[in-house]
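A short write-up of the structure that comes next.
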Amino acid sequence: MDRRPIGVFDSGVGGLTVVNEIQRQLPKERVVYFGDTARFPYGSKSVETVTEFARQDSQFLLGFDVKLIVVACNTATACALDYLGEHLTVPVVGVIEPGAVAAVRASRKKFVGVIGTQGTIASGAYQRALTRIDPSISVFAQACPLFVSLAEEGWTDRAASLLIAHEYLDPLREAMIDVLVLGCTHYPLLIPVIRRVMGPEAILTDSAAEVTREVGRVLRENELESDGNAVSGHRFFVSDAPLKFREVGERFLGRALPTVELATAG
Ligand code: DGL
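Take the sequence shown: its letters are residues -12 to 253, numbered as in the numbering used here.
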């Protein structure tokens, strides 16, 4: 039994969806969250830069003696998961493999669409994960860089958002995919417009629930599960603008967040 916290990081607020799931599925676990708001967004940056950010984010969390790190950012997972897995002394779980598992399980037609940031799509990480799990899957990938800003603004159901969604998603709908992987932490907020473009039949998957099941499995396998009561022990850090994080984060989760602290070292 191990009462040390789990570390979770993202480029900003998006990883809170994973924290939500951890609180639901693993209520005895304590979380230390780091949102790298000063350097957000990661999605348009180079692999080298994102890898260095991810290394520093992990170092920050290790300062809290975390027992496992969740890379709750698709771009950071795509660019840096292998590096972190090789260099960190605690287990590291990313969001892409669990997200791909969920998509393959959901698809009957084996035509799967993936949307994400430029970094995530350019890395080919989802495409590789999906076809490794099931080589008969056809993958249609599309970067949707403007979606992150729309989600941050709370433009979840505006006419302008719908127009942009058509630009990005019409080719995927025309390709007759049956599952669309929301391969970016922010995209679940845009489900209203994504749903309107893709139609009622399309299955939209994201990785929060699946990645948390993976975290539970890794904790069990390594005998790292907590027997404590985590309800009040969570801490939230950002590298800039804690109040804005709290505001966007509360919109994101649809509920109140505790105090958000400014990280003094990153
Ligand atoms: N967290 C990022 C991701 O999941 C989206 C925001 C960003 O570009 O930093 O890819």
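Don't be surprised by glycine CBs; every beta carbon is placed ideally from N, CA and C.
What do you reckon, are the CB atoms on residue i and residue j nearer than 7 Å?
| i | j | result |
| --- | --- | --- |
| Ala254 | Ile151 | Absent from the model: residue 254. The displayed extent of the chain is -12 to 253, so no value can be given. |
| Asp44 | Asp23 | yes |
| Asn61 | Cys131 | no |
| Arg11 | Pro(-8) | no |
| Ile164 | Gly100 | yes |
| Thr192 | Val168 | yes |
| Val0 | Val57 | no |
| Ser110 | Ala65 | yes |
| Leu249 | Arg233 | no |
| Ser123 | Lys97 | yes |
| Glu154 | Pro85 | no |
| Leu156 | Val184 | yes |
| Gly215 | Lys15 | yes |
| Leu230 | Val180 | no |
| Ala41 | Ala25 | no |
| Ile83 | Thr199 | no |
Of the residues the options, which one's Cα is nearest the Cα of residue i?
| i | options | result |
| --- | --- | --- |
| Ala90 | Glu73, Leu71, Ala116, Ala67 | Ala116 |
| Gly81 | Asp144, Glu208, Gly(-6) | Gly(-6) |
| Val166 | Pro179, Gly186, His153 | Gly186 |
| Leu133 | Val202, Ala147, Thr251, Ala250 | Ala147 |
| Val37 | Glu154, Ile124, Leu68 | Leu68 |
| Asn7 | Ser194, Pro179, Leu71 | Ser194 |
| Glu212 | Thr64, Thr4, Leu13 | Leu13 |
| Pro158 | Phe47, Thr199, Ala41, Val126 | Val126 |
| Leu71 | Leu49, Gly2, Val180 | Leu49 |
| Pro78 | Arg242, Glu210, His173 | Glu210 |
| Tyr113 | Val88, Val247, Ser123, Ser136 | Val88 |
| Tyr29 | Gly215, Arg119, Pro85, His173 | His173 |
| Leu75 | Ile120, Leu3, Ala189, Asp52 | Asp52 |
| Glu140 | Leu176, Ile102, Ser(-2) | Leu176 |
| Ile256 | Ser(-2), Arg160, Lys54 | Since the first residue of the chain shown is -12 and the last is 253, residue 256 is not available in this structure. |
| Arg242 | Ala162, Glu73, Thr104, Leu3 | Leu3 |
Please check if any C-beta of chain D sits within less than 7 Å of the C-beta of residue i.
| i | result |
| --- | --- |
| Ser125 | Although the question refers to chain D, the structure presented lacks it and comprises just one protein chain. |
In chain order, which continuous runs of the beta strand (DSSP E) of length 3 or greater are located wholly inside the stretch 66 to 148? Residue ranges of uninterrupted beta strand (DSSP E) with 3 or more members, entirely inside the stretch 66 to 148 and ordered along the chain, are 79 to 81, 98 to 103, 125 to 130.
Three or more C-beta pairs under 8 Å: does that hold for the stretch 232 to 240 against the stretch 28 to 38? The stretch 232 to 240 makes no contact with the stretch 28 to 38: fewer than 3 CB pairs, one atom from each, lie closer than 8 Å.
Given 8 Å, three or more beta-carbon pairs between the stretch 223 to 237 and the stretch 14 to 23: Yes: the two stretches touch, three or more of their Cβ pairs being nearer than 8 Å.
If we count Cβ pairs, one from each stretch, closer than 8 Å, do we get three or more for the stretch 92 to 109 versus the stretch 204 to 213? By the Cβ test, the stretch 92 to 109 is not in contact with the stretch 204 to 213, since fewer than three Cβ pairs between them sit closer than 8 Å.
Length-filtered (4 minimum) alpha helix (DSSP H) runs lying within the stretch 150 to 207: 178 to 185, all fully within the stretch 150 to 207.
Within the stretch -1 to 66, note down every full beta strand (DSSP E) run reaching 3 residues or more, in order along the chain. Counting only runs of 3 or more, we get 18 to 22, 55 to 58.
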